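Quick mapping for you: the protein sequence lines, in order, are chains X and R. Residues in the first sequence are numbered consecutively from 1, following the working numbering. Residues in the second sequence are numbered consecutively from 1, following the working numbering.
Protein chains: 2
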Amino acid sequence: MLSPKFSELVRALRCLPSVGAKTAQRMALQLIERDRQGAELIVSTLTAALSDIGRCERCQALSETPVCPICADEQRDHAQLCIVESLTDWLAIEQSGAFQGYYFLLSGRLSPLDGIGPREIGVDRLMVRLDDPAIEEVILATSATIEGEATASYLQSMMAGSRYRVSRLAQGVPMGGELEYLDGHTLALALRSRRPITDD
Amino acid sequence: MLSPKFSELVRALRCLPSVGAKTAQRMALQLIERDRQGAELIVSTLTAALSDIGRCERCQALSETPVCPICADEQRDHAQLCIVESLTDWLAIEQSGAFQGYYFLLSGRLSPLDGIGPREIGVDRLMVRLDDPAIEEVILATSATIEGEATASYLQSMMAGSRYRVSRLAQGVPMGGELEYLDGHTLALALRSRRPITDD
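Next up, the structure:
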């Protein structure tokens, strides 16, 4: 009914996250009917991104250069390496501004049932990165889910007896969290990991 | 922090309807990190759509050919012309399957305060289309909003005294509409336009 090339575009747009048939059609109409300039910008930026963005050979984050700007930044703290499981987690930590060391990005988390083992998430590349003699502390910043915890404990056992300290993100009550609405696990954990109040 | 080409892609994706900064970032990550094949498909289909999709010279709908498949279909009812204000309205009527005539697509509705007059919505092209001697009825299918009504009544006065009948979509209680939740205007209208019950 509508032109076949329009339908093909609608079908292609459905690969975007949480875009269904109706939304894809609205997007395609917007691009072809009302905002051809925007559509051309998407084509050119997406083409450039696809051809020029690869992975940083040190941390595996997206980068246009063989080594990403963060890994290339000599001002950061060489003693700390933070291991994250996704680029969004990497971004979240970097945007918090609380970490000055370097990162290593796993390609996801261990999930043996889905056939995702250490090799699939890039543990071999991590081993190479860990050879860096400057590293004094490795921070396991995988998420607090079952798979994230499994990944962290696998890495922890793998690094047992190594010369650097291994740490894990603290768990507890989030900022602004009302105890009343917090799940029991988190509350129990926060209680067990309670800190003595000091005067500093 | 992330590569500049990635940020440019995120900015470009924000031209899509109801896509903000967070969603655009998620889309860009999906395209570059996880689904490069999908990204390449978007580039190729969007490029093809931009270069090959124009407007039908008879009805102004999107078309890859000078005359769209509907206008080129000689089997449809030449006596009826349905005037719609957007491609989505056009699609909605066509998908209902209740109309077998031809369409004419206005580029929006009259909105004098925004400087959108008859020429901007393509009334001159409509005049050319209305020269077709086969037309017996013109159906004004603009939306039931203030601007839609204004557009319909402008067109109606423009066509006053012409050889064809001019009609308007019926207004009233929608299918499945509970009277209790219907607005007063619609209810009053439905009451005023009440139909005698016949036995056919």
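C-beta: ideal position from N, C-alpha, C; glycine also. Remember, it's a predicted structure, so these values are computed and weren't measured experimentally.
- Rounded to the nearest whole angstrom, the C-alpha separation of ALA98 (chain R) and LEU29 (chain X) is 23 Å.
- When X:GLU64, X:THR65, X:ARG125 and X:GLU137 are compared, the shortest CA-CA separation from GLN100 (chain X) is found for X:GLU137.
- In the DSSP assignment, the residues bridged to GLU137 (chain X) are X:GLN80 and X:ARG165.
- Among the residues facing chain R, GLU64 (chain X) is included, as its CB has a counterpart in that chain under 7 Å away.
- With respect to the 7 Å criterion, LEU62 (chain R) and SER7 (chain X) are not classified as neighbours on the basis of their beta carbons.
- Residue state for LEU2 (chain R) is assigned as coil, using DSSP reduced to three classes.
- Residue contact check for ALA134 (chain R) against chain X: no CB pair falls below 7 Å.
- Within the stretch 144 to 177 of chain R, no residue has a Cβ lying closer than 7 Å to any Cβ of chain X.
- Counting every other CB atom within 10 Å of its CB across the protein chains shown gives TYR103 (chain X) a total of 16 or more, marking it as buried.
- The beta-carbon of LYS22 (chain X) is placed no less than 7 Å from the nearest beta-carbon of chain R.
- Taking each of R:ALA152, R:ARG125 and R:PRO133 in turn and checking the Cα distance to LEU110 (chain R), the smallest one comes out for R:ALA152.
- Around the C-beta of GLU178 (chain R), fewer than 16 other C-beta atoms lie within 10 Å, and the residue is accordingly described as exposed.
- ARG58 (chain R) sits in coil when the DSSP states are folded into three classes, being neither helix nor strand.
- Taking SER167 (chain X) as the centre and dropping the five residues before and after it, the same chain places the C-beta of GLU137, VAL138, ILE139 and LEU140 closer than 8 Å to its C-beta, in chain order.
- Nearest neighbour of SER193 (chain X) by Cα position, chosen from X:GLY172, X:GLY20, X:LEU182 and X:LEU105, turns out to be X:GLY172.
- Look at the beta carbons and you see the stretch 28 to 44 of chain R touching the stretch 14 to 30 of chain X: at least three pairs across the two are nearer than 8 Å.
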